[in-house]
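K.L.:
Below you will find the structure I want to go over with you.
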Amino acid sequence: MRTIYLDVLFIFSFYMNYLLLRLTARLSHTHLRFSRALLGAGAGSCSSLLILAPQMPFLLSILCKTVTAFLICLTAFGRNHNLLWQCFCFLGISCLMAGGLFALSFSGQMCYANGIWYPDISLKVLIIGTISAYLLLSVIQRFHDRKPDGSYFVSVRYGQHSIRLDGLADTGNTLTDFLTGQPVIICGKESLHEMLPETFPAKGFRPLPCTTVAGEGMLMVFRPDEVVIQSEKTGYTKQVDVLIGLSEQNHRQAIFNPKLLHY
407 MRTIYLDVLF
417 IFSFYMNYLL
427 LRLTARLSHT
437 HLRFSRALLG
447 AGAGSCSSLL
457 ILAPQMPFLL
467 SILCKTVTAF
477 LICLTAFGRN
487 HNLLWQCFCF
497 LGISCLMAGG
507 LFALSFSGQM
517 CYANGIWYPD
527 ISLKVLIIGT
537 ISAYLLLSVI
547 QRFHDRKPDG
557 SYFVSVRYGQ
567 HSIRLDGLAD
577 TGNTLTDFLT
587 GQPVIICGKE
597 SLHEMLPETF
607 PAKGFRPLPC
617 TTVAGEGMLM
627 VFRPDEVVIQ
637 SEKTGYTKQV
647 DVLIGLSEQN
657 HRQAIFNPKL
667 LHY
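Taking the numbering used here, the leading residue of the sequence shown gets 407, the next gets one more, and so forth.
Okay, here's the thing in structure tokens:
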């Protein structure tokens with residue numbers, strides 16, 4: 407009977423779940439904060455204690471694995487309209503990794519019980535496996551990604567006000583918040599005047615350093631209640647987690663990076 411060390415079990419499970427969540431975020435094009443990724447990985451490492459439980463029937467083991475995956479994704483990504491797709495990606499990547507771990511189990515380097523893996527492998531093997539997984543997901547993502555096509559509408563809701571602007575997909579807008587890593591959609595300040603406070607600074611609004619063709623400066627940003635991007639051509643809609651930056655230029659366009667369509 408193999409001896410299981412709880413510290414090794416927790417560390418390995420934490421590492422694997424953190425990696426799975428990062429790969430899931432990349433495949434599902436979801437922004438995942440570092441703190442939420444740690445919480446999700448922590449929840450996953452706690453579930454690794456199932457390996458110590460009596461051997462479960464196969465179907466019960468699958469059910470436990472599915473419920474655990476849902477709870478991990480819920481912890482990491484929160485309640486959102488893409489949660490089921492994120493769970494599907496998480497389980498799919500887990501199955502791919504399980505194939506490699508299953509092969510290692512024949513060499514005596516892995517122990518498996520109740521859907522949980524316990525390692526007896528070197529750090530070198532873990533690093534090689536990590537790099538291989540990222541390369542594999544990069545190839546999958548290249549085929550999965552779509553280029554932006556056509557015109558867009560961007561609907562911004564803040565408080566009691568909702569405004570729809572023409573959207574412009576521009577790869578040149580790479581502005582992100584250095585505190586949260588959230589992308590920023592740039593809108594003309596005048597186009598959103600109905601939902602803005604009369605004076606600045608105001609609660610919930612803050613300056614963000616940025617670089618433009620005119621040089622370095624500050625852009626006032628705020629977190630809206632909801633932002634939805636809609637394709638005029640296909641009708642495809644995407645709710646995005648972003649900040650809104652207020653440009654002093656008088657335009658009625660919402661300029662966003664097309665990568666937002668795949669987050």
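The beta-carbon is built from N, C-alpha and C at its ideal position, and this holds for glycine as well. What you are looking at is a predicted structure, and each value in this text was computed from that prediction instead of being measured.
1) Which word fits histidine 487, buried or exposed, when buried means at least 16 other C-beta atoms lie within 10 angstroms of its C-beta?
2) Among Arg658, Val646, Ser653, which residue has its Cα nearest to the Cα of proline 664?
3) Is leucine 445 helix, strand or coil by DSSP?
4) Here's a check: name, in chain order, each residue in its chain whose Cβ is nearer than 8 Å to the Cβ of glycine 651, leaving out the five neighbours to either side.
5) With a threshold of 6 Å on Cβ separation, who are the neighbours of valine 634 within its own chain once the five nearest residues in sequence on each side are excluded?
6) Along the chain, where does the alpha helix (DSSP H) containing alanine 475 start, and where does it finish?
7) For the pair the stretch 437-444 and the stretch 462-475, tell me if three or more CB-CB distances fall below 8 Å.
8) Is phenylalanine 559 near glutamate 632, with beta carbons less than 8 Å apart?
9) Per DSSP, lysine 644 is paired with what?
10) Counting only the same chain and skipping the five closest in sequence on each side, list residues whose C-beta sits under 7 Å from that of glutamine 492.
11) What span of residues does the beta strand (DSSP E) with phenylalanine 559 cover, start to end?
12) Three-state secondary structure (DSSP) at glycine 498?
13) Can you tell me whether isoleucine 537 is buried or exposed? The criterion is at least 16 other CB atoms within 10 Å of its CB, across all chains shown.
14) Pop quiz: alanine 660 and glycine 573 are said to be a contact at Cβ under 8 Å. What is the actual Cβ separation, rounded to whole angstroms?
15) With a Cβ-Cβ cutoff of 8 Å, do methionine 601 and tyrosine 564 count as a contact?
16) Please name the residue or residues paired with threonine 577 in a DSSP beta bridge.
17) Check this for me: beta carbons of alanine 449 and leucine 427, under 8 Å apart or not?
18) Starting from glycine 651, follow the beta strand (DSSP E) in both directions and report where the run begins and ends.
19) Where DSSP assigns a beta bridge to alanine 660, which residues make up the other side?
20) Where does glutamate 622 fall in DSSP's three states?
21) Please confirm whether serine 454 and leucine 497 have their CB atoms less than 8 Å apart.
P.N.:
The relevant details are as follows:
1) exposed
2) The residue from Arg658, Val646, Ser653 with its alpha-carbon nearest to that of proline 664 is Val646.
3) helix
4) Leu581, Val590, Ile591, Ile592, Cys593, Leu614, Cys616, Leu625, Met626, Val627
5) Ser561, Thr643, Gln645
6) 464-483
7) no
8) no
9) Ile635
10) Taking C-beta separations shorter than 7 Å and ignoring five residues to either side along the sequence, the partners of glutamine 492 in its chain run Thr430, Ser434, Thr436, Cys479, Phe483, following chain order.
11) 558-564
12) helix
13) Counting every other CB atom within 10 Å of its CB across the protein chains shown gives isoleucine 537 a total below 16, marking it as exposed.
14) 5 Å
15) yes
16) Answer is none; threonine 577 lacks a bridge partner.
17) no
18) 649-653
19) Gly573, Cys593
20) strand
21) No, the pair does not count as a contact, with Cβ atoms beyond the cut-off.
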